[in-house]
Amino acid sequence: MMAFCPAPPEEGMVGGVLETVDCHIRILVHDTYRNLVGPDTVFSMAFTGLLTIYIALIGYQLLFGRGGMRVTELPFAVLKIGLILAFLTSWAAYQTVFFNLLFDGPAEIMKLLVSPLSSQGSTFDGDVMGGVQKAFEDLSGAAGVYGGMASPTANLLQGGPMLGSGLLWLTSIALLLLTLGIIIATKIVLAFLLAIGPIFIGMLLFDQTRGLFEGWMRATFSFAMAPLAVNVFGAVMLMILQPFLTLLLKNASEGKFDMGPVITIGIIVTVFVMVMIFGLGAVAAIGRGFGFSRGRGGEETSMRRLPAPEPSLGGGPGARAEEIAARVAMIDRNQAASAGSSYTSREVYSRRTGEISDAMGSTPLIASGERLGQAYNRAPRPTARREDL
Numbered sequence: 002m003m004a005f006c007p008a009p010p011e012e013g014m015v016g017g018v019l020e021t022v023d024c025h026i027r028i029l030v031h032d033t034y035r036n037l038v039g040p041d042t043v044f045s046m047a048f049t050g051l052l053t054i055y056i057a058l059i060g061y062q063l064l065f066g067r068g069g070m071r072v073t074e075l076p077f078a079v080l081k082i083g084l085i086l087a088f089l090t091s092w093a094a095y096q097t098v099f100f101n102l103l104f105d106g107p108a109e110i111m112k113l114l115v116s117p118l119s120s121q122g123s124t125f126d127g128d129v130m131g132g133v134q135k136a137f138e139d140l141s142g143a144a145g146v147y148g149g150m151a152s153p154t155a156n157l158l159q160g161g162p163m164l165g166s167g168l169l170w171l172t173s174i175a176l177l178l179l180t181l182g183i184i185i186a187t188k189i190v191l192a193f194l195l196a197i198g199p200i201f202i203g204m205l206l207f208d209q210t211r212g213l214f215e216g217w218m219r220a221t222f223s224f225a226m227a228p229l230a231v232n233v234f235g236a237v238m239l240m241i242l243q244p245f246l247t248l249l250l251k252n253a254s255e256g257k258f259d260m261g262p263v264i265t266i267g268i269i270v271t272v273f274v275m276v277m278i279f280g281l282g283a284v285a286a287i288g289r290g291f292g293f294s295r296g297r298g299g300e301e302t303s304m305r306r307l308p309a310p311e312p313s314l315g316g317g318p319g320a321r322a323e324e325i326a327a328r329v330a331m332i333d334r335n336q337a338a339s340a341g342s343s344y345t346s347r348e349v350y351s352r353r354t355g356e357i358s359d360a361m362g363s364t365p366l367i368a369s370g371e372r373l374g375q376a377y378n379r380a381p382r383p384t385a386r387r388e389d390l
């Protein structure tokens, strides 16, 4: 089916190449989707098995109350299954939500962003690829004129028209790579990601594999926004280059060599190389921010798995007394089980009070005739006054 895409025309080579690449990408993604999710394919059978396991796990959790699945979460699970099945069984749904949104959507946004630039009285009509084609023709034409003005024995190190011609050729090639080259490269990677998209949509079924879908969405979004950034930056660059290109063409038509416009154009293109790098880095940073929120259900599940807090000794006199009594009973049982009847009650009491003292730290022992927690209410003992003899 690749033969149905037209060949690029001789005039307007830049725009024609981009249209041909877009045509091949559309056919590639459509045919790959059909071969991937069609009936009796390996992926369709594998996904059917995974879907059966997922539904069985939901039924098991609802039947036995395991895994944290609640009845209120069942509609969301059914909605997720329905969306996944719609994207994996209908090319129209996948094309509308993913392909058109990520492949054609940035082009529509680009037109909205570039249209104000073309309405400021400049000759730039908003067609970025057409502007790149014209700039390339102007640069290469001036390079040819300056090359003809140089002597046959001249070289680049001698300067003059030969150096200007070489710089113009390098600038024209850099201009094409900076705009058309980056756009084609990012669109080819985007086509690959969209072609294998159904695999990662199926990964959305389980929470354990949902991170794969999120990673695929981050990469796809980043490569979808990259052509948008390149087109916008390219439009700004063309507007800045326009007066210098006009001066360059005027000098070339008059047979006048001037190194000023040549160097200026080269510097502008070099600066926009850095602008493209920073812009693509910003787009990648935005794409890394995509992710699903765990939501309220994930937080409650984590809370249910937390261990119960141990009782503290600082909860008041009543809680303190209950804790001491529980420890005394536990120590009695341990001593009886380990030593049998070989210990006397006095030895057991001695061991018990010693272990209680270790457990309580610096807490003093309470007299047996007093109520627990009331030791601080004792009246002070009278002290005998010494009489001097």
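Position in the sequence shown (first residue = 1) + 1 = my numbering.
C-beta: ideal position from N, C-alpha, C; glycine also.
Only a predicted model underlies this, so the values are computations on that prediction, with no experimental measurement involved.
{"Asked": "In angstroms, rounded to a whole number, what distance separates the CA positions of residue 14 and residue 78?", "Found": "50 Å"}
{"Asked": "Under the three-state reduction of DSSP, which class applies to residue 7: helix, strand or coil?", "Found": "coil"}
{"Asked": "What does a CB cutoff of less than 7 Å around residue 110 pick up in its chain, not counting 5 residues either side in sequence?", "Found": "229"}
{"Asked": "Looking at C-beta atoms only, is the number of pairs between the segment 123-140 and the segment 238-249 that lie closer than 8 Å three or more?", "Found": "yes"}
{"Asked": "So what does DSSP say about residue 257, is it helix, strand or coil?", "Found": "coil"}
{"Asked": "Residue 169 to residue 206, Cα distance in whole Å?", "Found": "55 Å"}
{"Asked": "Is the Cβ-Cβ distance between residue 136 and residue 242 less than 8 Å?", "Found": "yes"}
{"Asked": "Would the beta-carbon of residue 237 be found less than 7 Å away from any heavy atom of the ligand SAM?", "Found": "No copy of the ligand SAM appears in this structure; indeed no ligand is present at all."}
{"Asked": "What does the alpha-carbon distance come out to for the pair residue 147 and residue 173?", "Found": "14 Å"}
{"Asked": "Can the beta-carbon of residue 18 be found less than 8 Å from the beta-carbon of residue 118?", "Found": "no"}
{"Asked": "Using the Cα positions of residue 66 and residue 202, report the straight-line distance between them to the nearest angstrom.", "Found": "28 Å"}
{"Asked": "Whole angstroms are fine: how far does the CA of residue 20 sit from the CA of residue 10?", "Found": "10 Å"}
{"Asked": "Which residues bound the alpha helix (DSSP H) around residue 134?", "Found": "129-150"}
{"Asked": "Around the C-beta of residue 252, are 16 or more other C-beta atoms found within 10 angstroms, so that it is buried, or is it exposed?", "Found": "buried"}
{"Asked": "Please work out which residues of its chain come closer than 6 Å, Cβ to Cβ, to residue 72, disregarding the five sequence neighbours upstream and downstream, and give them in chain order.", "Found": "none"}
{"Asked": "Counting C-beta neighbours from all protein chains within 10 Å, is the total for residue 274 16 or more, i.e. buried, or is it exposed?", "Found": "exposed"}
{"Asked": "What first and last residue would you give for the alpha helix (DSSP H) that runs through residue 36?", "Found": "14-38"}
{"Asked": "How would you call residue 54, buried or exposed, if buried means at least 16 neighbouring beta carbons within 10 angstroms?", "Found": "exposed"}
{"Asked": "Among the candidates 92, 322, 324, 234, whose CA atom is the shortest distance from the CA of residue 280?", "Found": "234"}
{"Asked": "Following the continuous alpha helix (DSSP H) through residue 173, name the residue where it begins and the one where it ends.", "Found": "162-177"}
{"Asked": "Can you check whether the C-beta of residue 261 is within less than 8 Å of a C-beta belonging to chain D?", "Found": "The chain inventory of the structure shown lacks chain D, comprising one protein chain alone."}
{"Asked": "Would you mind working out which of 266, 52, 63 sits nearest residue 81, comparing C-alpha positions?", "Found": "52"}
{"Asked": "By Cβ distance, which residues of its chain are closer than 7 Å to residue 306, with the 5 residues on each side in sequence left out?", "Found": "For residue 306, the pLDDT reaches just 43, beneath the cut-off of 50, and the residue's location in the model is therefore unreliable, although a value from the coordinates is still provided. Contacts found: none."}
{"Asked": "Quick one: using the 10 Å Cβ neighbour count with 16 as the cut-off for buried, is residue 102 buried or exposed?", "Found": "exposed"}
{"Asked": "Let's test the definition: count the other Cβ atoms within 10 Å of the Cβ of residue 132 and tell me whether it reaches 16, buried, or not, exposed.", "Found": "buried"}
{"Asked": "Assuming residue 38 contacts residue 89 (C-beta within less than 8 Å), just tell me the rounded distance between them.", "Found": "5 Å"}
{"Asked": "Specify, as a first and last residue, the run of the alpha helix (DSSP H) that residue 49 falls within.", "Found": "43-65"}
{"Asked": "Does DSSP put residue 290 in a helix, a strand or coil?", "Found": "coil"}
{"Asked": "Would you tell me roughly how many angstroms separate the C-alpha atoms of residue 215 and residue 164, rounded to the nearest one?", "Found": "51 Å"}
{"Asked": "Would you say residue 398 and residue 211 are within 8 Å of each other, going by their C-beta atoms?", "Found": "No statement about residue 398 is possible, as the shown extent of the chain runs from 2 to 390 and does not include it."}
{"Asked": "Look at the alpha carbon of residue 97 and the alpha carbon of residue 5, and state the distance between them as a whole number of angstroms.", "Found": "23 Å"}
{"Asked": "Reducing DSSP to helix, strand and coil, say where residue 207 ends up.", "Found": "coil"}
{"Asked": "For residue 209, count the other beta carbons within 10 Å of its own beta carbon; 16 or more makes it buried, fewer makes it exposed. Which is it?", "Found": "exposed"}
{"Asked": "Would DSSP call residue 325 helix, strand or coil?", "Found": "helix"}
{"Asked": "Quick check: the Cα distance between residue 29 and residue 256, rounded to an integer number of angstroms?", "Found": "49 Å"}
{"Asked": "Going by DSSP in three states, residue 126 sits in which element: helix, strand or coil?", "Found": "coil"}
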